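Below is one structure, written out as C-alpha cells, with a few remarks after it.
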Amino acid sequence: MTHRTLPQLLFEKADKEGRKVAFRQKNLGIWKEWTWQKYYKEVESLALGFQVEFSIQKGERIGIIGDNRPHWIVTELAAQAIGAVPVGIYQDASPAAMAHYLHECEPRILVVEDQEQVDKLLEIIDSFPTIEAILFYNEKGLRSYSHEKLMNLKSVQSIGSTRASEDPSFFEHQIQKVKPLDIAFITFTSGVTRQPKAATFTHTNLIQTALSIHEVDAVKADDDYLSFLSLAWICEQVMAVGLSLTRGMTINFPEEPSTILNDLREIGPHLIQAPPRTFENMLTRFQIRMNDSTRLKKKVYELTRSGIEKNARAKLSNRSVSFLSKISYSMNDFFMYSAIRDHLGLSRLRRAYVTGGRLNSDAFEFFQGLGVNVKQTYGMVETTGFASIQRDHEWTTAGAGKPLPGLSMNIASRGEIQVEGLQVFAGYLGGYPVTEFSTGDYGQILDTGDMEIRGRMEERLALDSTDGQSSSEIETELRKSQYLQEAVVFGEGRSYLTAMLTIHRASVGRWAEKNQISYTSYRDLTMHPEVIDLIKDEVVEMMSSLPEESRIKRFVILPEELRLSEGEMTSTQKTVRRNVEKNYKRYLAALYNDAGQFDTLSQVNSEETNEGEIVPVILLDRSQGVA
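Using our numbering, read the sequence shown as starting at 457 and increasing by one per residue.
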C-alpha cells in the first residue's frame, strides 16, 4: 500500500523536478507550458485562498465543472491539500442532471470554467441555498454578471498568495496532515442502468491504480499524454492525475473539444485512452477519406491492406511471421502505414487504452495491423476505472486482459464478476466502506487467464426460448459497420431480438452524395429508401457471423441521433437503454406489432402530436439468412 497522498506527490515533484514540464495548455493556437513549480504554486495559492476566504474544513466538498484545463486539476489538488473533497461534475450535464449531482454531493462551493457553466447553474442555484459561491476562472462574457454568489477564482488565489508569503512553510505542513486513506475524490457512476450514484475514492485508490498500470505498461517521465476525456471520469483521473503525479508524464490539454484531432496530430502523444466509439469513429473517418482519395492512393492502399490484415492475424494468434512477410510489412510501413499513423496523430503512440467498453474486432484488428498498440481494458467507476488490461504481445479480440497487479477477480454465481483489492473504491457517498465489489457484469476467465466480459447482468436478453443473450455483444457487432453510429438491442421476454439503430451522419451522408441522393436533414436521410436498403444490407452482413439466436429479426432507424440532453447517452458515450426505450416506446411497440407487414411501413403515433407517423420497420427474412 502507498503511504503518500496526491498533494504530497506534487510537493515532491515541485521540489525535485520543479523546472520540468507538468502541463501544456493550447491557447490561441500556441502551446503554453506549466512547470511542476508553477503547478505547485498555483495549488498553494488556491488552497490557502479556500481556507482564508471560506474557512473550508476537512471533509467539506468543492464541486468542479469545466473542460480539461490545468485549472481543473489545480482546483482538485488545492481541495485535497486542505483535506476537502473535490467532486467532479460532467461539464456537458444538463441543468436537470447537474441538479441531481449537486443534490447528491452537497458542495459548499463550486469552481467552474466559464459562462456556459455559470448560466446553467444560475438556472438552479436558488434550489441550493447551502452553496456559498460559484467561482469562475474564464471571465469572458461574465463581466456584466452581478449575482451575489459569483466570484473570480483569481481573487481567491490572490488572497491565498498573500497568506503564503506571510508563512512560506505553512502550506507544506498543511499537506502533511492529509492521510492516504482520506477521501480524495468523488465522481458519479455512469447511470446506464439506474440514476448516477456518488462514488468516493481515497488517495490510495488513485495512486495504487496508477502504479498497477505502470507495473503492467511502464510509463516514462518524458511521456506525453493528451487529456481530452472529462476529468470528472475516474479513468481520466487515473491518467491525468494519478499517473502524472506518480510517474511525472506531461499532460497536454487541447484548446477546445472541437480541436482534439488537430491537437492529437500536433502533440503525437505516447499514451491515450478513449471509449470504443472514438476509435471506431477514427476508423470510419479514415475509410471516408480513403473512399474520397485518388485512384492511385486507393490502389496503393488496397495492395497494402492485406499486409495490415496479415500482421493483425499474426499478432492476435501470437505466432511469428516469415522473414519475407517481415520485409513486406517493413516496406508497407515505410510507404503507407507510417503515413496513416501520422495522419491520425498516432505516430509516437506506444499504447492506446480502450476504456468504457469493448472495441469491435474489425477496428481492433485494423489498428493492431497498422502498428498501433490498441489494448482492450475492463473496469468501472467502482474499480477506480481499471480492473484488467491486455498485456503486450497477448492481444485477443475477445479478452479484456488479465487483472491488474494487486486486484483479484473471480466469477461468482450466474457468471457475475467480483473484484477485491486496493483499487476497489471507498464506497458510495453516505454508505459503508468496501474492499470487494460485485460488478453487475458477467463473463468468464479464458484459458489464457484473460477476462472475457459479456455484458451487464441486467441487460441479458432472456428470450422465450433461451437462457439469455448479451445485448452489448450484438451491439458491438453491429457497430462494425461504418454506416452505423449506435445500436440498441431489445428482446427481454420476447420471442426474437430487435434493434433501434442510428446512422453515422458523415459516412451515410457521403455515400448519399456519391450516389446522387439528395436530402435536406438527418431525418430525411434516414427515411430515404436507398439508405434503408444500405443499412439493411449492412445489418445482414454484420449479423451473418452470429449464431441464429443472437441475430436481430427487425429493426428501425431512429429519425435523430441519440441525445445526451434527453438522457439517451452518458457523458462517457454509453447508451442508456432504459431512456431510449422510454423515449421511443412507440417504436419498440411497432417492432413487436405482429399485425402489420413489416417489410413495408408501420403506423406509429407521435409522442408530441399524437398524430400518425410513418416509421419504416425493416424485417430481415429467411432468404437473407438472418431470420
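Even glycine gets a Cβ: it sits at the ideal position worked out from N, Cα and C.
Because the structure is a prediction, the values reported are computed rather than measured.
What residue from the options has the CA that sits closest to residue i's CA?
i     : options                   : result
N608  : F506, T645, G544          : F506
M554  : V574, E1037, I639         : V574
E986  : P1072, T1028, K1041       : P1072
E948  : D679, Q925, G544          : Q925
I1013 : Q1029, T734, M999, V995   : V995
T740  : P563, Q941, N524          : Q941
P551  : Y1048, P889, Y1040, S1021 : S1021
K782  : K754, N747, G825, I663    : G825
L953  : G883, K831, F584, L1076   : L1076
L1047 : E1005, A955, F641, T643   : A955
I796  : T958, Y495, K754          : K754
P713  : I959, N1049, G522         : G522
A677  : I669, H659, L701, T458    : L701
F742  : E572, V675, D798          : D798
K605  : S927, L577, G616          : L577
A730  : D748, I690, Y757, T760    : I690
D471  : Q493, R847, E872, L484    : Q493
R870  : G899, G597, F881, H670    : G899
Return the CA-CA distance between residue i and residue j, expressed in angstroms with no decimal places.
i     : j     : result
L752  : Y546  : 45 Å
E560  : N661  : 21 Å
Q693  : D993  : 41 Å
A962  : R745  : 11 Å
I587  : Y557  : 13 Å
M913  : G896  : 6 Å
E931  : L462  : 39 Å
W490  : M1025 : 34 Å
N718  : F1011 : 36 Å
Y1043 : E579  : 33 Å
M983  : S977  : 10 Å
V697  : Q464  : 13 Å
T833  : T852  : 11 Å
Y601  : G704  : 39 Å
R687  : L780  : The sequence shown places Leu at residue 687, rather than the Arg named in the question. C-alpha separation (whole angstroms): 46 Å.
A1045 : R916  : 20 Å
L981  : Y975  : 6 Å
A589  : F790  : 57 Å
D525  : K610  : Per the sequence presented here, residue 525 reads as Arg, with Asp not at that position. C-alpha separation (whole angstroms): 15 Å.
E498  : V830  : 35 Å
K970  : N747  : 10 Å
W967  : N737  : 16 Å
L1018 : V568  : 27 Å
Report buried or exposed for residue i, applying the criterion of at least 16 other Cβ atoms within 10 angstroms of its Cβ.
i     : result
S683  : buried
L720  : buried
Q651  : exposed
Q879  : buried
M787  : exposed
N816  : buried
F893  : buried
E513  : Looking at the sequence itself, residue 513 is Gln, so the reference to Glu does not match. Its Cβ having fewer than 16 others within 10 Å, Q513 is exposed.
H849  : exposed
F820  : buried
I486  : exposed
H659  : buried
V1038 : Per the sequence shown, residue 1038 should be read as Lys rather than Val. Result: exposed.
G647  : buried
L484  : exposed
P563  : buried
Mapping the DSSP letters down to three states, classify residue i as helix, strand or coil.
i     : result
V634  : coil
P861  : coil
Q513  : coil
E1016 : coil
I587  : coil
M792  : helix
M607  : strand
V995  : helix
S926  : strand
K469  : helix
S683  : coil
Measure from the C-beta of residue i to each C-beta in chain C and report whether the shortest distance is under 7 Å.
i    : result
Q630 : This model lacks chain C altogether; it includes just one protein chain.
With respect to 6 Å, is the separation between the Cβ of residue i and the closest non-hydrogen atom of the ligand FMN below this value?
i    : result
L981 : Questions concerning the ligand FMN fall outside what the structure shown contains, since it holds no ligand whatsoever.
Inter-stretch contact (C-beta, 8 Å, three-pair minimum) for the segment 830 to 845 and the segment 902 to 909: With three or more CB-CB distances shorter than 8 Å, the segment 830 to 845 counts as touching the segment 902 to 909.
The segment 800 to 819 in contact with the segment 857 to 866 per 3-pair CB rule at 8 Å: The segment 800 to 819 is not in contact with the segment 857 to 866.
At least three beta-carbon pairs within less than 8 Å, the segment 708 to 718 to the segment 480 to 490: Output reads yes: the segment 480 to 490 touches the segment 708 to 718.
Inter-stretch contact at 8 Å, needing at least 3 Cβ pairs: the segment 617 to 626 / the segment 996 to 1009: Remark: fewer than three beta-carbon pairs, one from each stretch, lie closer than 8 Å, so the segment 617 to 626 and the segment 996 to 1009 are not flagged as touching.
Inter-stretch contact at 8 Å, needing at least 3 Cβ pairs: the segment 630 to 639 / the segment 536 to 545: Taking 8 Å as the limit for Cβ pairs, the verdict is that the segment 536 to 545 does touch the segment 630 to 639.
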